[in-house]
Structures are given as C-alpha cells and as structure tokens.
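Report on the structure given below.
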DNA sequence: GTGACTGGTTAAAGCGCTTTAAGGTATGGC
DNA sequence: GCCATACCTTAAAGCGCTTTAACCAGTCAC
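Protein chains in written order, with this note's numbering: chain A, 562 to 905; chain B, 562 to 905.
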C-alpha cells in the first residue's frame, strides 16, 4: 500500500544503508571508512548494500563530525597555467598522503586574504600558497595558526616553510651552457625589481665571474614582459662588440627578444643564442623551441606536500626552506657562437 | 583565578559570540546572516562582539544545517588558462546572485566523473561544466538530478542547458573582415574532426559563398596545434595562385602559420593576412598581435550563471541553448591584400 | 563454573550551525 | 484592566556523519 507518493529521499544517507543491512549507522560508517572493527562478512554486506543504493557520503556532514579534517588548502591564481600544473601535482601528492584538497583562487574580486579565509573556514589543517604576494608579516602570523608552505617565491622570513627553485643556480646553469658552447659575450636582460629578479641577476653575475668573464658582464634593464625583450634587442646588436648570446629574465622576455631579432634579420641560434626562464608552455611551442630553465614543478610540489605532512603528522615544528636546483632545458635557440673571437 | 591553562578555543564558535553578548545562538545566527528579526541595537552589539572575537562561521556546519546549500559546482580543467578566465567571471556572477562556488578540477588522475561526484557530494545545487568531454547520455542523466549547464561546447542534446559561442558566425566575421579589406583568395586551415571544427569549417564555407567566392573556397587539412600551421604554410604560398589571407582553426594553428611565414620571408600582413580563433593570451602578445575571434567569455559565463539561476530560483524546467555571436578582434596581422587582382 | 579476555557491534553524544514554532514583553485600543 | 497586536528573542530539533565507551556474546584457561 505504500504508493510512490512517499517522498523519495533524494540521496540515501548512512542510515538508509544501515537499515538495509540491519546494522547500526556506526558499523556502516566504520566499514565505509575502512576502519578496523567490523567482520569480513559484515563489510561485504555493507559494501554491497551501499553500492546498490548508490550511497555517497555527504562531505559537509562527514567533515563536521570528524576530529581531523584531513584537508589541505591550496591558494592559487586560477588564470596561471603554471599554477594549474602545480596544482595537478599537489593534488596527486596529497592524495597519496591521505589528504584531500580545498581550492581557493585569487581573482580580480577575491584577494589573497579572502582566499585564505575561505580555506580557513573550510577547516583546512594546512595551507599551500602558490606564489603568494602577501606580506611576510601576515604569512608569519598565519603560520602560528596552522602550517603554511609558500611555493615558488623567495621569502625573507623563517616564519613559514618555503619551497622554491634556486634562481641563481638556474641562471648559472644557463651561463655554464653558453660558456660551454664557446660564448663569451653573454648579456642578461633583467626582470626589474623584486626578489625573484634579484636572485636571477645575482646568479648571472656570479656565474660570469666564476668563468672569468667579469669584465663582460652586461645587464640590460628590463621587466617581465615581451616588451623588455623587444627593447633589449637593438642594444644587444647595436654595440660595436655585439653579444653572441643573451639570457632573459623569463620566457616572455625571451620571446620578445626572439621576435625582435627575427625582424631584424638576426638568425637564432646562428648569430645569437637566447635562453629564457620558466619552461613555460610558450617556450615549448615547436616553432619557438626556446632553451630555458625549468623549475621542475613536480619536485617543487612533492616537497611542498612533504613539508605539510611532516608538520601535520611528523610533529615537526621548526620552519624549513627547501631550495631545489632548476634544470636547463636545451632546445633550439642555443648553439655555437657565430665565430670565435679572441678574449680580451 | 582562571589561569590560562583553560584550553583556549582555537576558533570562536557561534555560542562564544552568543555568550559574549548575552543572547542566544539563534539571535546571533540571525544577525550574522542578515536575516530579519533582531533589532538594530542587537545587531550592532552582535556584530561588534563577533568582530572583536574574530568569529568566522564554519562552512561545513553552516552547510550541513541549512536547507539550501546555495552552492554551484564548477568543473574545469585547471591547466587551461581559458577556463581560468571563465572561472573568474563565473565566480563574480555567482556572487552577485548570492551563490557560492565549489571548484572541482579535471586532472591526469581525476576524470570528469570523479570531479562531478565530488561536486555532488559537496551538496551543489547545480553544475556548470566548462568544456566537458563526457557523453551526452551521461550528462543528460546528470541533469535529471540537478540543473546542468554545459559551457563552450556544442552539445547534441536538449537534455542540458548549453551556452556557447557560435563558431560559424565567428569564422564568418573573419571572412567578412578580409573581404572588406579586398581579399578574395582566403584559405582556411582546418581543425580536424570534432564538433567545434565542423562548425568553424561550415562558417567559412557559408561566408565564402555569401560573398560569391564559392569557387575560391580552399580548406587545408589541419589540427589544433601549431604544427598544422607550419604544414599549411607552404601550401598557401606554393600555389601559382597563392592565397592573400588565411583563417586558422584557432590561435595556435595561426601562430604556427605566422612562424612558418616569417621564416619563409613572407611579410604579415604585407603579403599575407592571418586570422586566428580564441583570442588566447598568445594572440595578445604584443609582437604577435594576432587578429582573432573572441568568444566573449564574459557574456558566456553570464549566460551560464543566468541559466543556472533561472532553473534554481526561476522555476524554469525546460532546457535552453544560448548561442552567442563571437567578436572579431582586429590586431596587426590583417591588412589590405598586396595588390588587387582581377576577380575570376 | 568463574573470571579474564576478545572480537564484533551499537547507543549515544556530539560536530557548529540553521530554522521554526513558541515564548515574552511592550504597546495600544477598548 | 483585558485582550489583541506587534516586535524581539529563544528553545529545541535537527542537518548526516564520526567516535568512543559500553555492551554482549563467545572463548579460553584454570
């Protein structure tokens, strides 16, 4: 006599499964989470019933009830495909450690603070911030509340964990590569102010000195966009002692450079070698084939997640800075210099 | 005598605020959500206390308790910066309608089905899927469970809402632009199989016919990457009646084309005009300056959110397909043809 | 046969919030 | 004074799940 006017539960709950198998919700919960206790026979019955009813746990309820959220909050700029790549890896690493992810994105109308607050309100146990721009003071204060890992940005403080690639080493590798090919007149197109740019510039200078090329150091004023490359090009060529190779602050600058050079009829790499930084999708374009420095994002994220897990599960309380060596990715914009010249 | 050995509540709860102002949690809840009831005086006291204690509502608890979640789930490919842009707009639009966002990303290890399940488990009331690849059958079934809007992909079914830009109109506008400049030999570099490519190809053919240029229709085999452009270039130039303009399936193909042309010494737009499709960040690069077709993502997302809201709050039950006209963005890769030739 | 286990199961107390019906207190009209 | 009226405020019942202590057979040893 039970017509189908009985409101059909839109979604089965734990209790529906429990009733179905004639057990308590406690047992069902235990089984579904794979916790110890229930016998093999019980497990089987429960799993079968759950599958049959199409049961799926409600995240909000589960989250509210459980002691630990096992949630890691990630803040990112959703418009950056680099962050997207990082996120993909973070996701995978988190999963391996039994954590789940909560995402919060920075947009025009949603700044870093709001993004972080959302994560906090979602009961995250730790935060992974991809390339945050917030002040050191604020982040340090945050870290007193829960473990915070800053990824990909040099951070002048021991108040949080930091995982990043070593920019000076990266640029150093670029110089080494060029010197190895026989280049001597290697210029650097700068990235303007900022901690990242400073590190890379220093890397260039140090490497040049290391190779006894201190007197050939040439840093061209720049920024982080293509325009810097466009403007640097004539300076590189116009000299009476033109450079045979250039290292750009990043790939975008390098692409600007490439463009200006090709317009000016300067063959790359025939007459000039060019190296970028970031290994961006741009640099991988088959017809650009930019030799560049990769930050090895996989390792970056693995360390970031490891840092979180150490503090959450490993009881670590001090802060740590992990600096990874970047890797040079040699493509087609670097080659032997046009002709050897005498040093001096 | 209350030493500070009393466990300090890590986070104030609603009750803490209530105790602070000597009211019930009910009143505090009412005030904080801006619901009607509490007097102005009460409101003020509550807000002051909440701010002083640094109270922030727990999302999980709030979500669990409330009747409606007011959550809209968005599925996207986090590695696509285009999706990132869309998301930013969706976020803004949702907010305006009083909805909150839950994000779920498709990755290597996390397919569309899992992403959607996560959204469902999070109590979303509706789903916005950015460029999903799932089958029509599955999505249609999903839509019986909750409103589903597919964004940016032609979708052969009336089982869900669809919001997309009209590809044939977009390519048509490109043809119009070129014809307006005086081009007659306008070739099209195809994007291979797939619904999107089909629509664009059709747009090209229709527009050419409309201009009485049916006999000059030339569709070059292609794909969706730079390589297609590289391969198309010689075909475009090599003929005894070379094209004066080319429209590419998308920006990546167009960039491949640009590259090959510049290597071959063909001036763009002097000797050949090129138009892409997507208005990707790539096309905006100052030194590429690709004339391209923009899908007007802002409108796309506004319609998508509107569709959701209509079904959630407006009681609409039928399905709707919104097809927006794309917009041509003229940059620097299109100009008058090199020299007029007689038609025929 | 008793006590000490032990493996399996569950009652019950939350998690922190929302929501609604019911309660209280003024106010005003009669 | 008494009742209706309006306005605030709150008690209490969840939301759907987790977790822990308690419980209940069965063993098993002695």
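Just so you know, even glycine gets a beta-carbon here, dropped at the ideal spot from N, CA and C.
Could I get the ranges of all uninterrupted beta strand (DSSP E) runs contained in the stretch 796-849 of chain A, with 3 residues as the minimum, in chain order? 806-809 and 834-836
Just to check my reading of the structure: residue 752 of chain A and residue 811 of chain A have Cβ atoms closer than 8 angstroms, yes? What is that Cβ distance to the nearest angstrom? Along the first chain, read from residue 1 onward, the residue named residue 752 of chain A stands at position 191. Along the first chain, read from residue 1 onward, the residue named residue 811 of chain A stands at position 250. Sure, about 6 angstroms apart at Cβ, within 8 angstroms.
Assign residue 681 of chain A to one of two classes, buried (16 or more other C-beta atoms within 10 Å of its C-beta) or exposed (fewer than that). Mapped onto the first chain, residue 681 of chain A falls at position 120. Buried.
Rounded to whole angstroms, what is the Cα-Cα separation between residue 606 of chain B and residue 857 of chain B? Along the second chain, one-based indexing puts residue 606 of chain B at 45. Along the second chain, one-based indexing puts residue 857 of chain B at 296. If I take the Cα positions, the gap works out to 46 angstroms.
Excluding the five sequence neighbours on either side, which residues of its own chain have a C-beta within less than 7 angstroms of the C-beta of residue 730 of chain A, listed in chain order? Walking along the first chain from the start, residue 730 of chain A turns up at place 169. Taken in chain order, the residues that qualify are 764, 886 and 887.
If you reduce the DSSP assignment to three classes, tell me which class residue 686 of chain A lands in. By 1-based counting over the first chain, the position of residue 686 of chain A is 125. Here residue 686 of chain A sits in coil by DSSP.
Alpha carbon of residue 630 of chain A to alpha carbon of residue 669 of chain A, nearest angstrom: Numbered from 1 along the first chain, position 69 holds the residue referred to as residue 630 of chain A. Numbered from 1 along the first chain, position 108 holds the residue referred to as residue 669 of chain A. Roughly 29 angstroms between the two C-alpha positions.
Suppose the cutoff is 6 angstroms on Cβ atoms and the five residues either side in sequence are ignored; what does the same chain contact list for residue 660 of chain B look like? Locating residue 660 of chain B in the second chain gives position 99, counting from the first residue. 631 and 633, listed in sequence order.
Bounding residues of the beta strand (DSSP E) (the contiguous stretch that carries residue 882 of chain B): For the purposes of this step, residue 882 of chain B is identified with residue 321 of the second chain, where counting begins at 1. Residues 882-885.
Endpoints, alpha helix (DSSP H) assigned at residue 719 of chain A: What you label residue 719 of chain A is simply residue 158 of the first chain in a count that begins at 1. That residue, residue 719 of chain A, is in no alpha helix (DSSP H); it is neither H nor E in DSSP.
Go through the stretch 736-766 of chain B residue by residue and report every complete run of the beta strand (DSSP E) that reaches 3 residues or more, in order. 747-750
Going by C-alpha to C-alpha distance, which of A:840, A:875 and A:657 sits closest to residue 643 of chain A? Within the first chain, residue 643 of chain A is the residue found at index 82, counting from 1. The shortest C-alpha separation from residue 643 of chain A is found at A:840.
Please report how far the alpha carbon of residue 574 of chain B lies from the alpha carbon of residue 761 of chain B, in whole angstroms. As a working mapping, residue 574 of chain B is identified with position 13 in the second chain. As a working mapping, residue 761 of chain B is identified with position 200 in the second chain. Near 56 angstroms, if we compare the C-alpha coordinates of residue 761 of chain B and residue 574 of chain B.
Given a limit of 9 angstroms on CB to CB distance, which residues of the stretch 781-795 of chain B reach chain A? 786, 787, 788, 790 and 791
Residue 876 of chain B (DSSP reduced to helix, strand or coil): Start at 1 with the first residue of the second chain, and residue 876 of chain B comes out as number 315. In this structure, residue 876 of chain B counts as coil in the three-state DSSP scheme.
Hey, is residue 621 of chain A's beta-carbon within less than 8 angstroms of any beta-carbon in chain B? Taking the first chain and counting its residues from 1, one reaches residue 621 of chain A at position 60. So yes, residue 621 of chain A belongs to the interface.
Boundaries of the beta strand (DSSP E) in which residue 606 of chain B is found, first to last residue: Position 45 of the second chain, counted from the first residue, corresponds to residue 606 of chain B. Not the beta strand (DSSP E): residue 606 of chain B falls in the alpha helix (DSSP H), residues 601-614.
My guess is that residue 691 of chain B and residue 636 of chain B are in contact by the Cβ rule of under 8 angstroms, so how many angstroms apart are they, rounded? Here residue 691 of chain B refers to the residue found at position 130 when the second chain is read from its first residue. Here residue 636 of chain B refers to the residue found at position 75 when the second chain is read from its first residue. The Cβ separation is near 6 angstroms, so the contact holds.
Looking only at DSSP bridge pairs, what is residue 855 of chain B linked to? Within the second chain, residue 855 of chain B is the residue found at index 294, counting from 1. Answer is B:888, bridged to residue 855 of chain B.
Beta-carbon proximity list for residue 901 of chain B, same chain, < 6 angstroms, skipping 5 on both sides: Locating residue 901 of chain B in the second chain gives position 340, counting from the first residue. Here the model assigns residue 901 of chain B a pLDDT of 49, short of 50, so the residue's position is not dependable, and the following value carries that caveat. Answer for residue 901 of chain B: no residue qualifies.
Mind checking the stretch 826-845 of chain A against chain B and listing, in chain order, the residues whose C-beta falls within less than 8 angstroms of any C-beta there? 843
Residues that DSSP places opposite residue 590 of chain A in a beta bridge: Position 29 of the first chain holds residue 590 of chain A. Its beta-bridge partners do not exist; DSSP assigns none.
Are residue 710 of chain A and residue 807 of chain A close, meaning C-beta to C-beta below 8 angstroms? Looking up residue 710 of chain A in the first chain gives position 149. Looking up residue 807 of chain A in the first chain gives position 246. Not closer than 8 angstroms, so no.
If residue 645 of chain A sits next to residue 639 of chain B, beta carbons under 8 angstroms apart, how far is it from one beta carbon to the other, in whole angstroms? The residue labelled residue 645 of chain A in the question sits at position 84 within the first chain. The residue labelled residue 639 of chain B in the question sits at position 78 within the second chain. About 4 angstroms separates the two Cβ atoms, so the contact holds.
Rounded straight-line distance, which links the Cα of residue 894 of chain B to that of residue 790 of chain B: The residue given as residue 790 of chain B occupies position 229 in the second chain. The residue given as residue 894 of chain B occupies position 333 in the second chain. Each residue's alpha carbon lies about 15 angstroms from the other.
Distance between beta carbons of residue 739 of chain A and residue 623 of chain A, contact taken as under 8 angstroms: Within the first chain, the letter at position 62 stands for residue 623 of chain A. Within the first chain, the letter at position 178 stands for residue 739 of chain A. No, residue 623 of chain A and residue 739 of chain A are not in contact; Cβ-Cβ is about 56 angstroms, not under 8 angstroms.
Thinking C-alpha only, which one of B:822, B:617 and B:741 is nearest residue 896 of chain B? Here residue 896 of chain B refers to the residue found at position 335 of the second chain. Measuring from the Cα of residue 896 of chain B, the nearest candidate turns out to be B:741.
Along chain B, in chain order, which residues have C-beta atoms closer than 9 angstroms to that of residue 639 of chain A? Indexing the first chain from 1 puts residue 639 of chain A at position 78. Here the neighbours are 637, 639, 642, 644, 645, 646, 648, 649, 652 and 664.
Our contact map puts residue 588 of chain B next to residue 603 of chain B with C-beta atoms below 8 angstroms; I'd like the distance itself, whole angstroms only. What you label residue 588 of chain B is simply residue 27 of the second chain in a count that begins at 1. What you label residue 603 of chain B is simply residue 42 of the second chain in a count that begins at 1. That belief holds up - the Cβ atoms of residue 588 of chain B and residue 603 of chain B are roughly 6 angstroms apart, short of 8 angstroms.
With the cut-off set at 8 angstroms, would you say residue 813 of chain B and residue 772 of chain B are in Cβ contact? The residue given as residue 813 of chain B occupies position 252 in the second chain. The residue given as residue 772 of chain B occupies position 211 in the second chain. No, they are not a contact pair.
Could one say the Cβ of residue 678 of chain A lies closer than 8 angstroms to chain B's Cβ atoms, at least one of them? By 1-based counting over the first chain, the position of residue 678 of chain A is 117. Yes, its Cβ sits closer than 8 angstroms to a Cβ of chain B.
At a CB-CB cut-off below 8 angstroms, which residues of chain B make contact with residue 886 of chain A? Here residue 886 of chain A corresponds to residue number 325 of the first chain, with the count starting at 1. Per Cβ cutoff of 8 angstroms: no residues; residue 886 of chain A is ~25 angstroms from chain B at best.
Applying a beta-carbon distance threshold of less than 8 angstroms, which residues of chain B neighbour residue 858 of chain A? Mapped onto the first chain, residue 858 of chain A falls at position 297. Neighbours of residue 858 of chain A on chain B: none; closest Cβ ~12 angstroms, over 8 angstroms.
Tell me whether residue 900 of chain B sits in a helix, a strand or coil according to DSSP, three-state version. Working through the second chain from its first residue, we reach residue 900 of chain B at position 339. If DSSP states are grouped into helix, strand and coil, residue 900 of chain B belongs with coil.
DSSP has residue 778 of chain B in a bridge; who is on the other side? Here residue 778 of chain B refers to the residue found at position 217 of the second chain. DSSP output for residue 778 of chain B lists no bridge partner at all.
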